[in-house]
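Take the sequence shown: its position 491, counting from 1, is numbered 475 in the numbering used here, and each next residue is one higher. Beta carbons: idealized from backbone N, C-alpha and C, even for Gly. These notes concern the structure reproduced below.
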Amino acid sequence: METTTTTERQRRRRPLFTTEELGGRAVYRVQAATVAAGILLVLYYRATRVPAAGEGQAAWLGMAAAELWFAVYWVIAQSVRWRPFRRRTFRDRLAERYEQNLPDVDIFVCTADPQSEPPSLVISTILSVMAYNYPSEKISVYLSDDGGSILTFYALWEASIFAKKWLPFCKRYNIEPRSPAAYFSESKVHHNLCIPKEWALIKNLYEEMRERIDTATMSGKIPEEMKLKHKGFDEWNSDFTLKNHQPIVQILIDGKNRNAIDDDRNMLPTLVYVAREKRPQYHHNFKAGALNALIRVSSVISDSPVILNVDCDMYSNNSDSIRDALCFFLDEEMGQKIGFVQYPQIFNNMTQNDIYGNSFNVSYHVEMCGLDSVGGCLYIGTGCFHRREILCGRIFSKDYKENWNRGIKERGKQNINEIEEKAKSLVTCTYEHRTQWGNDIGVKYGFPAEDIITGLAIHCRGWESAFINPKRAAFLGLAPSTLAQNILQHKRWSEGNLTIFLSKYCSFLFGHGKIKLQLQMGYCICGLWAANSLPTLYYVVIPSLGLVKGTPLFPQITSPWATPFIYVFCVKTLYGLYEALLSGDTLKGWWNGQRMWMVKSITSYLYGFIDTIRKCLGMSKMSFEVTAKVSSHDEAKRYEQEILEFGSSSPEYVIIATVALLNFVCLVGGLSQIMAGVWNMPWNVFLPQAILCGMIVIINMPIYEAMFLRKDNGRIPTAVTLASIGFVMLAFLVPIV
């Protein structure tokens, strides 16, 4: 008997997750130490070889400042590479101990615009998270519609009906993924797993539903007979507008009602539509406000102890994701201090060589794992499981014990209408006035990157976080498929992160004494994206102009001082390539990533930097632009062919074209003058600048094609090309002093 008790005790002590240190750290540390030494030599050379005034002194000092910045940013980036972790979970142990007592989970999905985020896309995400490999009665799904669109509500109503057939189909055959759009697009792979007749029936039902939704979306109208099938359609009256409407809360499926069952007579998850009140005179705080509204609404409908939030285009690709996350929260030894569990944001529409550098493979395989080792990964706004209590402002305490059994199990005497009315009162425009919502409670307000600042606040309250990147991706979404979408998205991200860095919530100030220095530095990797814009722009313009104007800005190639420049550039580049290949990038994908880093630095990050400074000076207000999730047929075709998409006369394209054309002209002109002996200097004096200029030209080859060779609608417009020629001519009038 005693032996049995001991065995049971040992079994319960087995951890629900394990932490493994990534290999290859010795090679990395040697590389980092030698590169650091090379950087110091470069900076010493810059400081001790300043030319006289009138001989390129200003340009030299600018180069020194840019290189100093790159050195600082490199040091910051190393903070997360010293000892990265990898996490692995044991779902079998979780089931063994907690299967009969699993906690309830609330799932938040946010959408804002039915044109940028089509309702048919949104409901595929909704259906995928309703179909988790988890007791359905313990799942509650909430859709926040900040567009307040009857089209989105109609789509959700259609999904609530289709779910009665889709959920049992998923669980009967254990299919993956459980987004119907993704599943049926991969039908050749999955068809053989199901009874053909049943598979065809479900597919036809889904396609008919999608066609009805898409037809309604294109026409902007809901069939009148459909409006009679649910009371929620009555909320949209003649006075209803996007920015001026009453709060709407509609419980489409009440998972606490025993009559809410699917076709196999199993309980269905709760499904709720929420459109918070909007009035022109009240600021609604964008996505952060929507998430806080869902926290309050869910507190009176389900009140689950665990909350998952996902973007409307990030469908569930792994039906065991909830169980993996719970392995961290419910672990008896380490789980108490984990406040949130973050999955990577992975995209399923990537081209083979990632033409727009959207994969973030190195970030997820190296940087997030490194952050995990020093106290916690970042909260990136989607694919994240939180304890409800930490989103409500709870400070970590060793004495705190989570009540995993909390949650509303039965409705009691309250009917659905009463609950909906109570929930509506929590999402009015004035509810948050004179409260701590958006400050100490809920997702933080005042920043475009509400996710980053909220995660930092959680870490500073003593909680840790965990990053998990399973072999089968937990969530898959849509990456920007045009250059314009990519530039817009990164402008918003860089602007939001820099705004945080320049505020009282800068990780070095707000996190001082609360989180480790390495974690403070880790937050600055994305926090200083925008600050890279000016040094990068300087480095891709001034050395090239110096080449054509006869101003040397690097040591002669035969000088010993050229060695640290060459070593730092080569080793840093090669190690970056090694990290990229190890993380799953292709060689061409890495090269595309280098191009996109330059493009984003001189456009997205530059605009983000300028807008942030304007906000700090009170010259503009915070805004939020939704990244479109759709593109035209021709754009999609060019994306699949990995052809850069331009097509419009955007100011950002003028910058890109100007930098590319300037370097081409400078390379040709500079080499011509060197060979002609115009500057009366040895050719090797200008060789480093010629190499740098040549590499910029090579990396910009797709830009030249778009300017001069392509005939499709995605080429760079003639007006942009002419403007760039004009700016290049103006650049040659600027003296290099």
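One Cα belongs to F217, the other to Y257, and the distance between them is close to 12 Å.
Look at the region 369 to 457 and you find these whole runs of alpha helix (DSSP H), each 4 residues long or longer: 372 to 375, 400 to 408 and 434 to 444. For Y559, the enclosing alpha helix (DSSP H) starts and ends at A546 to L566. Under the three-state reduction of DSSP output, E629 falls in the coil class, being neither helix nor strand. Sequence-distant partners of P548 (beyond 5 residues in either direction) whose C-beta falls short of 6 Å from its own C-beta, in its chain, are G22, L25 and V26. Beta-bridge partners of F331 (DSSP): G461. In the structure shown, the three-state DSSP call for A16 is helix. The C-alpha of N301 lies about 13 Å from the C-alpha of D308.
As DSSP reads the structure, Q326 sits in a beta bridge with C368 and F451. The closest CA to that of K572, considering only E405, I339 and P454, is found on I339. Judged by DSSP in its simplified three-state form, K262 adopts strand.
In the displayed model, Y257 falls within a strand according to three-state DSSP. With at least 16 other beta carbons inside 10 angstroms of its own, Q473 counts as buried.
By the neighbour-count definition (other C-beta atoms within 10 Å, threshold 16), D383 is an exposed residue. Rounded to the nearest angstrom, the Cβ distance from I374 to I442 is 5 Å, consistent with a contact under 8 Å. Pairing P253 with R390 gives a Cβ-Cβ distance that is not under 8 Å.
Around the Cβ of L693, a 10 Å sphere holds fewer than 16 other Cβ atoms; the residue is exposed. Within the same chain, I379 and F380 come within 7 Å of G446 by CB-CB distance, once the 5 residues on both sides are set aside.
With a threshold of 16 other beta carbon atoms within 10 Å, L236 meets it and is buried. If only complete runs of 4 or more residues are kept, the region 222 to 292 shows the alpha helix (DSSP H) at 270 to 285, in order along the chain. Taking a cut-off of 8 Å on C-beta distances, the region 582 to 596 touches the region 474 to 491, as three or more cross pairs fall below it.
As a beta-bridge residue in DSSP terms, C94 pairs with S128 and D295. The DSSP-derived three-state label of I123 is strand. By the C-beta criterion, the region 405 to 415 is judged to be in contact with the region 255 to 269, since at least 3 inter-stretch pairs fall below 8 Å. Taking 8 Å as the cut-off, the Cβ atoms of S104 and N250 do not count as close.
A Cβ-Cβ separation of about 47 Å leaves V325 out of contact with S528 under the 8 Å criterion.
Residue state for E170 is assigned as coil, using DSSP reduced to three classes. H617 counts as exposed, since fewer than 16 other C-beta atoms from the protein chains shown sit within 10 angstroms of its C-beta.
Counting only residues of its own chain and dropping the five nearest sequence neighbours on each side, P454 has a CB closer than 7 Å to the CB of N302 and D308. Contact between F431 and G511 does not hold, since their C-beta atoms are separated by about 11 Å, which reaches or exceeds 8 Å.
No residue range can be given for E101, since it is assigned to no alpha helix (DSSP H) and is classified by DSSP as neither H nor E. In the assembly as shown, I682 is an exposed residue. Its beta-carbon has fewer than 16 other beta-carbons within 10 Å.
According to the DSSP assignment, R156 belongs to no beta strand (DSSP E) but to the alpha helix (DSSP H) extending over I134 to Y157. Cα atoms of G8 and T520: separation of roughly 30 Å, rounded to the nearest angstrom. Contact annotation, F485 with C508: C-beta distance approximately 7 Å; criterion of less than 8 Å satisfied. Only residues of its own chain outside the window of five on either side were considered, and among them V524, V525 and I586 have a CB closer than 7 Å to the CB of V643, listed in chain order.
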